Amino acid sequence: MKTHARVVVIGGGVVGCSVLYHLTKLGWSDVMLIERSELTSGSTWHAAGGFHTLNGDTNMAALQGYTIRLYKELEAITGMSCGLHHVGGVTLADNAARFEMLKAERAKHRYMGLDTEILSPAEITKLTDGLVNVDGILGGLYDPLDGHLDPSGTTHAYAKAARMGGAEIVLHNRVLETNPTRDGWEVVTEKGTVHCEHLVNAGGLWAREIGAMAGIYLPLLPMAHQYLVTDDIPEIMDILKSGREFPHVMDPGGESPLHRFL
Ligand SMILES: Cc1cc2nc3c(=O)[nH]c(=O)nc-3n(C[C@H](O)[C@H](O)[C@H](O)COP(=O)(O)OP(=O)(O)OC[C@H]3O[C@@H](n4cnc5c(N)ncnc54)[C@H](O)[C@@H]3O)c2cc1C
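Positions 3 to 264 (the numbering used here) are the ones given, in order, by the sequence shown.
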């Protein structure tokens with residue numbers, strides 16, 4: 003492990019590896035990432051990996067659009083698969099206020115060059131092969147760019163692309179202390195001490211603890227993220243066997259995708 007780097011990134015989840023790749027992409031090759039366990043061993047490995055461009059914040063929507071294009075770039079650079087599936091997705095509106103919000107989003111998307119579309123309940127039924135219960139649904143916003151990917155494969159692709167750009171990644175090495183120095187930081191780890199100009203906290207669930215090492219107390223609170231893993235649903239398996247994919251269905255009013263399935 004080297005003892006000096008221009009930048010040290012703490013945390014080998016999707017965020018840390020993406021930051022590391024982008025630093026090398028911008029020409030900073032003297033950079034390293036330190037992970038206490040394996041890459042993706044934080045929350046990244048069990049993410050569902052869903053992505054979409056719908057976001058109340060225009061800048062976030064533009065950033066999400068950039069990231070979707072970036073996955074293809076990563077696959078081309080590294081030869082690794084990010085497991086990309088552009089299945090499209092529809093966000094449902096079960097009240098007038100939400101439907102207005104989706105229409106306003108559509109208006110924003112038009113000037114951002116995003117090809118989204120407002121769908122009627124009948125069109126949602128057609129899109130989802132009649133499997134989604136549209137009772138009480140006023141309409142939805144369809145985004146053809148919606149999809150899902152493999153979070154672990156994507157993180158490893160970022161890591162490979164960063165290594166190709168000169169970055170060093172050190173695994174099984176917990177950061178114990180971060181101490182400010184006159185010209186940067188001293189990062190004390192289980193495997194020794196590294197000096198750097200810039201320090202990036204990509205600690206995900208542990209970002210609060212890592213911030214506290216530098217005396218910075220961020221008001222962060224990890225929340226439980228719940229998900230259900232079902233058996234195969236025969237109707238959906240039939241669609242997959244026919245070579246098609248089932249679109250994402252987001253039901254922000256119901257907060258559960260399953261109660262909408264017939
Ligand atoms: C069930 C589930 C489903 C999800 N679905 C989606 C989805 O569909 N779409 C989406 O965009 N997001 C989704 N997410 C959210 C997504 O997983 C996270 O936002 C993202 O993976 C966080 O990445 P991260 O790099 O910030 O953190 P993490 O992956 O948690 O990485 C932080 C890393 O820091 C390391 N670390 C901590 N302390 C230290 C230390 N002292 N020294 C060295 N290393 C340290 C940890 O070991 C860890 O590897 C989902 C999350 C869950 C749990």
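Ideal placement from N, C-alpha and C gives every residue a C-beta, glycine not left out.
Source: prediction; values computed, not measured.
In the DSSP secondary-structure assignment, T183 is bridged to G186.
Put simply, the segment 112-126 touches the segment 141-151. At least three CB pairs are less than 8 Å apart. A Cβ-Cβ separation of about 24 Å leaves A216 out of contact with Y23 under the 8 Å criterion. Residue burial annotation: D253 is buried, with at least 16 other C-beta atoms found within 10 angstroms of its C-beta. Going by beta carbons, I235 and D131 fall outside the 8 Å limit.
Each residue's CA atom was taken as its position, placing H174 and H250 some 36 Å apart.
Relative to the non-hydrogen atoms of ligand 1, the Cβ of G14 comes within a distance shorter than 7 Å of at least one. Inter-segment contact for the segment 150-168 and the segment 45-65 is present: three or more beta-carbon pairs are separated by less than 8 Å. Contact annotation: G138 and S31 have beta-carbon atoms that are not nearer than 8 Å. Counting only the Cα atoms, G18 lies some 39 Å from L133. Contact between the segment 197-206 and the segment 177-186 is present: 3 or more CB-CB pairs across the two stretches fall below 8 Å. Under the three-state reduction of DSSP, T93 is assigned to strand.
Annotation: the continuous beta strand (DSSP E) that includes M252 extends over 250-252. Excluding five sequence positions before and after P224, the CB atoms of its chain that fall closer than 7 Å to its own CB belong to L207, given in chain order.
Boundaries for G85: no alpha helix (DSSP H) harbours it, and the DSSP string shows neither H nor E there.
Classified as exposed, A98 has fewer than 16 neighbouring CB atoms from the shown chains inside 10 Å of its CB.
About 32 Å separates the beta carbon of D96 from that of G245, a gap too long to meet the 8 Å contact definition. DSSP places L143 within a strand segment (E or B) once states are collapsed to three.
Within 10 angstroms of the beta-carbon of T232 lie fewer than 16 other beta-carbons, which makes it exposed. Distance from the Cα of R108 is smallest, within the candidate group G205, G58, A124, R71, for G58.
In this chain, V17 is not harboured by any beta strand (DSSP E); it is covered by the alpha helix (DSSP H) spanning 16-27. In the DSSP assignment, T195 is bridged to V190.
Runs of the alpha helix (DSSP H) lying entirely within the segment 58-83 and spanning at least 4 residues, in chain order: 60-80. Assigned with DSSP and collapsed to three states, H200 falls in strand.
Judged by DSSP secondary structure, E119 falls within the beta strand (DSSP E) whose first and last residues are 119-121.
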